[in-house]
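Trainee: One structure coming up, written as structure tokens, with questions to follow.
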Amino acid sequence: MGAERFRLRRELRQLERKPSEQGLKQWLDKVKAATQRREQRQQNLPQADYPDDLPVAQSRDAIIKAIKAHQVVVICGETGSGKTTQLPKMCLEAGRGVDGLIGHTQPRRIAARSVAARIAQELKTPLGQQVGFKVRFSDKTQPSSYIKLMTDGILLAEIQQDRYLNDYDTLIIDEAHERSLNIDFLLGYLKWLLPKRPDLKLIITSATIDPERFSEHFNQAPIIEVSGRTYPVEVRYRPLVDIEGEDERDLTDAILDAVDELSLEGRGDILVFLPGEHEIREAAEALRKHHPPSTEILPLYARLSAEEQHRIFEPHGRRRVVLATNVAETSLTVPGIKYVVDTGLARISRYSWRAGVQRLPIEKISQASANQRSGRCGRVSSGIAIRLYSEEDYQSRPAFTEPEILRTNLASVILQMETMQLGDIEKFPFVEAPDTRLIRDGYKLLFEVGAVDADFELRPIGRTLAKLPVDPRLGKMLLTAEREGALKEVLVIAAALAIQDPRERPMDKQQQADEKHARFKAEDSDFLSLLKLWDYFHAQRKALSKSQFRKLCKKEFLSWIRLQEWHDIHKQIRSTLLESHLKENEQAAEYAGIHRSLLAGLLGNVGVKEENKAFQGANGRKFMIFPGSSQFKKPPHWVMAAELVETTKLYARTVAKIQPEWVEEFGQHLLKRHYSEPHWEERSANVAAFERTSLYSITITPRRKVSYGRIDPLLSRELFIRHALVYGEYKSNAPFFQHNAALIVAIEALEAKGRRRDILADEQLLYDFFEPLIPAQVVNGHSFEKWRKKAEAKQPKLLYLTREYLMQRDAGLERSNQYPDHLSVQGMCLPLHYHFEPNTAEDGVTVQIPLLALNQVSPIGFEYLVPGMLEEKLTALIRGLPKQVRKQFVPAPDYARACLEAIEPSEIVPLTEALGKQLRRMSGTTVDAELWQHIDLPEHLQMRFEVMDDNGVVVKAGRNLLALRGQIGQQAKQEFVRQPVSVIERQGLKTWDFGDLPATHQLVMGGMKLHAWPALVDRGQTVDIKLFDNEAEAVATHRLGVLRLFLLALPADVRDLPKQITGMQKLCLNYAATGKCDELKQSMIRYAFRQAFYDYLDNRKQVIFEQALVQVRQQIFPQAQELARLLTPALETYQVIRKQLKGKINPTWLEALNDINDQLAHLIYPGFLDAMESETLRHLTRYLKAIQHRLEKLQEAPSKDRALRVQVQPYWDRYKDKLNSYQQSSQPAQDLTALCEYRWMVEEFRVSLFAQKLGTAKPVSAKRLDKVWADILQMLCGAR
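Note that the working numbering has the sequence shown beginning at 44, numbered continuously upward.
Printed below as a string of structure tokens:
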């Protein structure tokens, strides 16, 4: 045979290269044996006879003659001509089949089996001997076979092992007109092979559909036409829109009309061609309603169960209307058809290279398909075909259906061609060359699964994939699954994806089927449903007999045939994998392992959820999850699908939840990376950027920080040099770095002091220094340090900057004492820092004050700034005066310079006071102190304060020291209190037995010498000695502490004093509405003692305290009596006012009465005597009388009262606001004293407005109040 002959030739060439007598003898023996076998095959050649009723038999002699004379023959004949069964016998008669097999391909497995059986029957030989067949999972041939039926896929698979097809001497490619992908590839391959195998004969059979194209492809091969067994067919055109232009009919209505018309023609079954299942269901429902029960309506399409398809072939007595897709054109012959209704439409599988999806659009069929359809009613008798379109429409349609190779993905074909090394696919001799875009798309899919590299060159994995009997995507899943420990599970799923879904949904039992199939649903994945089905299928298969299992499948709406096919494919793939040494996992795989493996082959079918359950898929396409999926109701955010099919919409079928990290991992070679915002990161000493990765336009990682050095080393190097070495944004202990940083800081400090920007070399000059020194490979801190250590080993000072290089010009400031680095204030040495950056918070000079010292330092000393800045500040102050005053001091810089020579910095005299004094001395003009307060100085001419904690961290910063004290003074005080207790502090004292108490005490806190102020603190029944961080607070507290010691020293006087006061009972009665009598008594005792010992409350000497007890004791009672005399009329008036306020109130007085109640609450309240000096107490009754007077006038003129109230209200409100803020902060006692004076001025202002006849204690007006308030604010905010 041919293969044997090829093998013997190869062995002979080897002997010629290496002659061997023994080898030659063995070779001659083999030749002899081969010759004998050939002779035996010749002798045993089957004898053929031909049925006379077959049309092809009439052309027997012509066909045999053509086979002998030509290498290629095209046989063209209608279905039923007998060419399929008779041609192999004619080949035998022509002498073929002796030197090799007569290979006969069929598009479908069932045809290969049935045709083999028929030929064997006609040759009177058992099937599998002289005539055999080979389909997937079954090989019924023997070495003695002459004729071998097989699918075209089997022949393609054999090419990989037998490149020259040496096992065959004749090939019959049957049904070539179908132009499937396999047929077109085979015809192209044979075009390449035939010149290399002149002994090989090729016979192409085709229906009467474009046989000339095959003839031309094989160099004008002869065409032999064979007539078919058909009867005349009448074609009627019934377009949806008639000639008269009436309204267009619905397709279903047109079918009903056509069936009605044909029903009048006599008995006979009707075959209706429709484009899809949906249209079949609609038509079936309409026909069942329209026609009587005597008419049987049957659907026919590929996804029907085998049982439902078989009903077509069962005998029947009633008329049938068969509703079919284009499966009934050529694949299945429906018996007994006399009439055809052709809608002229079909779903044509069409791959979109642009969208990357297989679409199933409804399209107009070709003329050839229309003829095939009409021919279906001329098989048993003459028939009638009604076309639901016009004859003009028919004539305008393409002659032939577009070959599959022009409308499908070519990845599998390309992979096989690459493996077989058939050269450039674009030059391959296809019958019709596919679009280059389809070819490129096929390569892209192969690149996606890793079968080829970026240059489309075959990779080792591609060769492995080519050996697997599955689509490259499924193969990729299997290879990945072994690595993921999930091969066992993925093998089951891959086999399932290679077949039609075994779950059936009969049209009339869809709900029941769905209920039965619900048990297989998995939470996050349709793929896991297949595993559940597989486990169930195998468990039942083992437990039941074959017939029981078939019955179960029918009951469970499962296709027994497809389940068996699934099992067989799984077995075949598993065998191939084991041959490739791939091992199944022993432990059950996790969800991630299974789906990561599947994803490796489905990267083009991922999607991310958008709105309304829509998903963004690859290359901008949008898809929906198919409603039958378990993921339809609650779709995950990220999904993958086994396939994307476009019908009415683009649907994802067999869907599962995935993680985007998996997509990124398996799609590394496909990802597009976009980088933005390259920047230096000091912390990691690295140049970083933000990466956005996308796969087929789907964003996988929207914004992820990545190292940028490997991506753009040139820019990374530049950023490193600028930021790390020029800007100093780098942490390094390298000597060069410390040296350079210190040098730059020193020169920057000179610039800040002189408020200049022309001393330090600019950044570009610094960059120019480092750029030539740093090599190209340095892109971050790590690579820099690695290089630096080697470079400095040879040149230790390679990267050292010099002062001369850095300084553009001599600053003239380095030896100057005009800009000191420290400032001495109240005995403390405080650091100074200079910053030159106008309009920023840090601009100017900053003094750092420890938190512990915040409440001690006075703002006055800081007004003088530093000597180098004082002249500019004096000039700004003079220029800030009003023009009328300012013109007395022109030119201002000269006056400022002159004043500077005479002014000495002071911690006591405010700067404006010292300046005013010098200006008056020089010009005789006095500047009103208030004018200085309205000058808005530039911020850099005001000292900036940073309050630091013990760790050197800034607690608070600002340019107003008193405001800072108000904000964090309490915190400073608490910090002061938390310091270790001094030896001077004591607790629980009841007598002055501790000697003299010093006015100040020096402490060392936080490494700094600080002043503290001791004071006696009133604790009620005892007194403590405590240190304070603020002198004013210490003084105020000490007075109360001394007072408490006087009270403790004279207990008898404290006890007896209330009994001696005249009218005490009446006083308590009038006070009852405010507080208890005992509270009033105690307040009066404290007041009497305070007034008696007033001059001794600041005392700090024990002997003076003891002398005062003797000398002043007799003054206590008179002070108490004087208090009672002043308090009696005041409380009486207060009581009268309260009664008036409780009377009937006119609503128009409400605002006035609220104001009066507020005023009273600030005059008489529990403990009011403790806050009232004797001078103020003398006016208390007058203030209350003024309220009485106001109440009387209120009844007569409420509008006037309102006008007066409006005048006083702003002054009163700002007092209360400020008092509230003082009480919540830590303000110096003198501030509260000043505020208290202002408060009683407001009270006098009330008298002047509401009871002018009562007179005031001193002149008062709105203007005077404003002046006092300005002084308070000045005290709060500090001097300029």
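A virtual CB, placed ideally from N, CA and C, is assigned to each residue, including glycine.
Entirely within the segment 307-342 and at least 4 residues each: give me those alpha helix (DSSP H) ranges in chain order.
Mentor: 320-333
Trainee: Determine the direct distance from the alpha carbon of residue 534 to that of residue 435, and round the result to whole angstroms.
Mentor: 52 Å
Trainee: Near residue 858, which residues of its chain fall below 6 Å by C-beta distance, leaving aside the five closest residues on each side in sequence?
Mentor: Here the model assigns residue 858 a pLDDT of 49, short of 50, so the residue's position is not dependable, and the following value carries that caveat. Around residue 858: no qualifying Cβ.
Trainee: Please identify the residue among 1106, 1093 and 216 whose C-alpha is closest to the C-alpha of residue 1135.
Mentor: 1093
Trainee: Roughly how many angstroms separate the alpha carbons of residue 843 and residue 849, rounded to a whole number?
Mentor: 11 Å
Trainee: Assess, as a yes-or-no matter, whether the segment 910-920 is touched by the segment 935-949 under the definition of 3 or more beta carbon pairs within less than 8 Å.
Mentor: yes
Trainee: What's the gap between the Cα of residue 967 and the Cα of residue 932?
Mentor: 11 Å
Trainee: Could you work out which residue in 1030, 822, 1208 and 1102 is closest to residue 1118 when comparing CA atoms only?
Mentor: 1208
Trainee: Using the C-alpha atoms, what's the distance from residue 1314 back to residue 902?
Mentor: 15 Å
Trainee: Taking 8 Å as the threshold (C-beta atoms), are residue 404 and residue 455 in contact?
Mentor: Taking 8 Å as the Cβ cut-off, residue 455 and residue 404 do not qualify as a contacting pair.
Trainee: Label residue 808 either buried or exposed according to how many other C-beta atoms from any shown protein chain fall within 10 Å of its C-beta, with 16 as the threshold for buried.
Mentor: exposed
Trainee: What whole-angstrom Cβ distance do residue 1096 and residue 1027 have, given they're in contact under 8 Å?
Mentor: That belief does not hold up - the Cβ atoms of residue 1096 and residue 1027 are roughly 30 Å apart, past 8 Å.
Trainee: To the nearest angstrom, report how far apart residue 1059 and residue 878 are at their CA atoms.
Mentor: 44 Å
Trainee: Find out if the Cβ-Cβ distance for the pair residue 310, residue 363 is shorter than 8 Å.
Mentor: no
Trainee: Write down the C-beta distance between residue 145 and residue 190 rounded to the nearest angstrom, noting that I regard them as a contact closer than 8 Å.
Mentor: So it is a contact: roughly 5 Å between Cβ atoms.
Trainee: Going by beta carbon distance, what residues of the same chain come within less than 6 Å of residue 1155, once the five residues before and after it are set aside?
Mentor: Listed in chain order, the non-local C-beta contacts of residue 1155 below 6 Å within the same chain comprise 1135 and 1136, local neighbours out to five positions each way being set aside.
Trainee: CA-CA distance, residue 182 and residue 158?
Mentor: 15 Å
Trainee: Can you tell me whether DSSP reads residue 872 as helix, strand or coil?
Mentor: strand
Trainee: Determine the closest residue to residue 480 out of 505, 452, 497 and 1169, with distance taken between C-alpha atoms.
Mentor: 452
Trainee: Could you have a look at residue 141 and say whether DSSP puts it in helix, strand or coil?
Mentor: coil
Trainee: Between 784, 886 and 730, which lies nearest to residue 796 when the distance is taken from Cα to Cα?
Mentor: 886
Trainee: With distances taken Cα to Cα, identify the nearest neighbour of residue 549 among 316, 50, 351 and 636.
Mentor: 351
Trainee: Measure the beta-carbon distance from residue 1288 to residue 1308 and round it to whole angstroms, keeping in mind my assumption that it falls under 8 Å.
Mentor: 6 Å
Trainee: With a threshold of 16 other CB atoms inside 10 Å of the CB of residue 531, please say whether the residue is buried or exposed.
Mentor: Residue 531 comes out buried.
Trainee: Give me the Cβ distance between residue 317 and residue 326, rounded to the nearest whole Å; I'm assuming they're in contact under 8 Å.
Mentor: Between residue 326 and residue 317 the Cβ distance is about 6 Å, and since that is below 8 Å, they are a contact.
Trainee: Check residue 25 in the structure and name its three-state DSSP category.
Mentor: Residue numbering for the chain in the displayed model covers 44 to 1323; residue 25 lies beyond these limits and cannot be assessed.
Trainee: What did DSSP end up calling residue 1276 once you bin it into helix, strand or coil?
Mentor: helix
Trainee: Rank 955, 416 and 653 by C-alpha distance to the C-alpha of residue 1326 and give the top, closest one.
Mentor: The structure shown does not extend to residue 1326, since the chain is modelled only from 44 through 1323, so no value can be given for it.
Trainee: On the DSSP letters alone, give me the boundaries of the beta strand (DSSP E) that residue 1071 sits inside.
Mentor: 1066-1071
Trainee: Assign residue 763 to buried or exposed, taking buried as 16 or more other Cβ atoms, counted over all protein chains shown, within 10 Å of its Cβ.
Mentor: buried
Trainee: Measure the Cβ-Cβ separation of residue 683 and residue 738 and say whether it is below 8 Å.
Mentor: no
Trainee: Once the 5 residues before and after residue 386 are set aside, which same chain residues still bring their CB inside 7 Å of it?
Mentor: Same-chain partners within the cutoff: 294, 316, 317, 318 and 431.
Trainee: Hey, is the segment 250-263 in contact with the segment 78-87, meaning 3+ C-beta pairs nearer than 8 Å?
Mentor: no
Trainee: Output yes or no for whether 8 Å exceeds the beta carbon distance between residue 707 and residue 736.
Mentor: yes
Trainee: So, helix, strand or coil for residue 249, using DSSP?
Mentor: strand
Trainee: CB-CB under 6 Å to residue 1325, same chain, minus the five flanking residues each way: which ones, in chain order?
Mentor: Past the edges of the chain, shown from 44 to 1323, lies residue 1325, and the structure says nothing about it.
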